[in-house]
Each structure stands twice: as C-alpha cells, then as structure tokens.
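Peer 1: I'd like to ask you about the structure that follows.
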Amino acid sequence: MRFRPCIDLHHGKVVQIVGGSLDEQNHAALQTNFTSNHAPVWFAQLYKQSGLPGGHVIALGTGNEEAALSALRAWPGGMHYGGGVNPDNAHVFLDAGASHVIVTSFVFAEGRINRDKLAALVKAVGKQRLVLDLSCRSRAGKFHVVTDRWQKFTDEIVDESLLRTLADSCAEFLVHGVDVEGMQQGIQEELIALLAEHSPCPVTYAGGVHQFRDLDRVKQLGKGRVDLTIGSALDIFGGTVKFADVVAWQQRQ
12 MRFRPCIDLH HGKVVQIVGG SLDEQNHAAL QTNFTSNHAP VWFAQLYKQS
62 GLPGGHVIAL GTGNEEAALS ALRAWPGGMH YGGGVNPDNA HVFLDAGASH
112 VIVTSFVFAE GRINRDKLAA LVKAVGKQRL VLDLSCRSRA GKFHVVTDRW
162 QKFTDEIVDE SLLRTLADSC AEFLVHGVDV EGMQQGIQEE LIALLAEHSP
212 CPVTYAGGVH QFRDLDRVKQ LGKGRVDLTI GSALDIFGGT VKFADVVAWQ
262 QRQ
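Sequential numbering from 12 applies to the sequence shown in this note's numbering.
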C-alpha cells in the first residue's frame, strides 16, 4: 500500500472541498475546507522531496490549466493529471510531465460507458498512461459512478463486473468516496473492501480520512492492495494529521 498525495485546484488555487458540493451552475453551493497560500508548485516540490510519486493533480472546474501545468512541470513523471481530459488535449498534460491522465466524464457519457470514446482515448494515450476515475456515490445500496463534478449519477455500478471490464483499458483506477469526501467523518469501509476484492489493477481510494490510524485501517481493509489519498485531514491542508507522520509511515512500509 502507498500513500498518494494530491493537489486539488479551483480557480488556480490549491483547495480542499466537500465532495459533491462543486456545481458549476450554482457556485454558492461550494463548500471549501481549505484554500492554500502556497502555489501548486510548492506542493509538487514537497511531494517530490518526500519521495511520494503517483499522486494526482485535479482541476475542479475551469480556470486551472496553467496552475496544473506548473505543478506537472515541477515534477516530470511524478504525478497524474485529471480534469476535462479527452483524446485531443491529453498530450498537453502528458507533455508537461504527467505520468498518467485521469478520465471520468469523457468515458461515462450519457450515463453509460461509451466504448467508442474509451477506445479513442486508449488509442490516443495508451493503456499504460490512462487512469479511469470511478468516483462514486451510494444509491439504493450500490456505488454508482458519478460524473460532471460528481453531480450526475450514471447507471454504471462499481462492482466486480465493471472493474474487470475496465481493467483491460487502463493502468489504474482512482476512486473517491464522494459521499464522505472532504468531511473527515470516516472512510467508506465497504467500498475499500470491494475494491480490494475485485480490482485487477492498482487502485487508489480517497475520502473521509480523519485520523492517522486510518492509514493502517485502509491497509487492513484493502489487503495492502488499495492505495490511499488524504486531503482535508492533513495539516498541510489545515487538518490535524501531520504530513511528516504520513511520510514516515510510508517509509516504514
């Protein structure tokens, strides 16, 4: 298991938000836990110096491209990029230094997997540089993939069938538990266990971490196969979990 760091961007600033509150049609709905005075480059350099590859830079809405590119250039090959990626623009972020691109909405069009779009993306990027974002929300006891800033439910359910089907087209999965994202009220244990049991490829979970011992809990639930991102709970994002302690934990693994 690895700790995967993050840089979430909104209007060019590094932020932490409550999952599901980002609505481009209703800006007043956005709930922000933290906005940093540090530039994205500062975080990229911190993660590089701490030996934490494989994290992600995520653009939450428009107006983030230059901020994202600056972070990617600060650590070539060190981080993934997600946010509005499609076959036409993926090379911009890969050329800037992203090791992988992360995609959700382009592939899950109109509530279902669009296999033609997925094939076009794989052709443009290559399976080994593609991460599929299966961030999800619970409805009627099932975890549904959500798109468009996590506002729209799709018909696709995160289960063994979906994970095995999509693993043929990507290198990794990224899964935010949107119902708990940014709330620091506890991880979604059922979702983590599901990912550990059924994901054929590497998978990173994010959402709900609120204490240091959640690292060991995710390692246990995920059988060492599910990596973890921590956002709002980290002290570098205004939380109480010390980043230095997380780095030391990772070094012991």
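By construction, the Cβ of each residue, glycine as well, lies at the ideal position given by its N, Cα and C atoms. All values reported here derive from a predicted model rather than from experimental measurement.
If we call anything under 9 Å between Cβ atoms a contact, is F45 one with S243?
Peer 2: Within the sequence shown, the letter at position 34 stands for residue 45. Within the sequence shown, the letter at position 232 stands for residue 243. Contact: yes.
Peer 1: Does the distance from the C-beta atom of V96 to that of V114 stay below 9 Å?
Peer 2: By 1-based counting over the sequence shown, the position of residue 96 is 85. By 1-based counting over the sequence shown, the position of residue 114 is 103. The answer is yes: Cβ separation under 9 Å.
Peer 1: Which ranges does the alpha helix (DSSP H) cover as unbroken runs of at least 4 residues, wholly within the region 165 to 251, from first to last along the chain?
Peer 2: As far as the region 165 to 251 is concerned, its whole alpha helix (DSSP H) runs of at least 4 residues are 171 to 177, 200 to 209 and 225 to 232.
Peer 1: With a threshold of 6 Å on Cβ separation, who are the neighbours of S47 within its own chain once the five nearest residues in sequence on each side are excluded?
Peer 2: Taking the sequence shown and counting its residues from 1, the one referred to as residue 47 is at position 36. Hits under 6 Å: V25.
Peer 1: Quick check on DSSP: helix, strand or coil for Q27?
Peer 2: Position 16 of the sequence shown holds residue 27. Strand.
Peer 1: Measuring only the C-alpha atoms, how far is F54 from H155?
Peer 2: Working through the sequence shown from its first residue, we reach residue 54 at position 43. Working through the sequence shown from its first residue, we reach residue 155 at position 144. Taking the straight line from one Cα to the other gives about 31 Å.
Peer 1: From the DSSP output, in three-state form, read off V68 for me.
Peer 2: One-based indexing of the sequence shown puts residue 68 at position 57. Three-state DSSP puts V68 in a strand.
Peer 1: So, helix, strand or coil for H49, using DSSP?
Peer 2: As a position in the sequence shown, residue 49 is number 38, starting the count at 1. Here H49 sits in coil by DSSP.
Peer 1: Can you give the Cα-Cα distance for G137 and D106, rounded to whole angstroms?
Peer 2: Numbered from 1 along the sequence shown, position 126 holds the residue referred to as residue 137. Numbered from 1 along the sequence shown, position 95 holds the residue referred to as residue 106. Each residue's alpha carbon lies about 14 Å from the other.
Peer 1: In angstroms, rounded to a whole number, what distance separates the CA positions of A101 and G88?
Peer 2: Residue numbering aside, residue 101 sits at position 90 when the sequence shown is read from its first letter. Residue numbering aside, residue 88 sits at position 77 when the sequence shown is read from its first letter. Straight-line Cα distance between these residues: approximately 14 Å.
Peer 1: By Cβ distance below 7 Å, which residues in the same chain neighbour Q139 in space, the five residues on each side in sequence not counted?
Peer 2: In the sequence shown, residue 139 corresponds to position 128, counting from 1. Closer than 7 Å at Cβ, skipping near neighbours: A182.
Peer 1: Considering only their Cβ atoms, is the gap separating M90 from V237 smaller than 9 Å?
Peer 2: Start at 1 with the first residue of the sequence shown, and residue 237 comes out as number 226. Start at 1 with the first residue of the sequence shown, and residue 90 comes out as number 79. For V237 and M90, no; Cβs fall outside 9 Å.
Peer 1: Just mark S146 as buried or exposed, buried being the case when its beta carbon has 16 or more other beta carbons within 10 Å.
Peer 2: On the sequence shown, residue 146 is found 135 positions in, with the first residue counted as 1. Buried, since its Cβ has 16 or more Cβ neighbours within 10 Å.
Peer 1: Tell me whether the beta-carbon of I198 lies closer than 9 Å to the beta-carbon of G218.
Peer 2: Residue numbering aside, residue 198 sits at position 187 when the sequence shown is read from its first letter. Residue numbering aside, residue 218 sits at position 207 when the sequence shown is read from its first letter. Yes, the pair counts as a contact, with Cβ atoms nearer than the cut-off.
Peer 1: Contact defined as beta carbons within less than 8 Å: I believe G93 pairs with D144. What is the distance between those atoms, to the nearest angstrom?
Peer 2: Start at 1 with the first residue of the sequence shown, and residue 93 comes out as number 82. Start at 1 with the first residue of the sequence shown, and residue 144 comes out as number 133. Their Cβ separation, rounded to whole angstroms, is 6 Å, which keeps G93 and D144 in contact under 8 Å.
Peer 1: Considering R263, what are the terminal residues of the alpha helix (DSSP H) in which it resides?
Peer 2: Within the sequence shown, the letter at position 252 stands for residue 263. Looking at the DSSP string, the run of the alpha helix (DSSP H) that includes R263 is F254 to R263.
Peer 1: Take the Cβ of T215 as the centre, count every other Cβ of all protein chains shown within 10 Å, and call the residue buried at 16 or more, exposed below.
Peer 2: Position 204 of the sequence shown, counting from 1, holds the residue named residue 215. Per the 10 Å Cβ criterion, buried.
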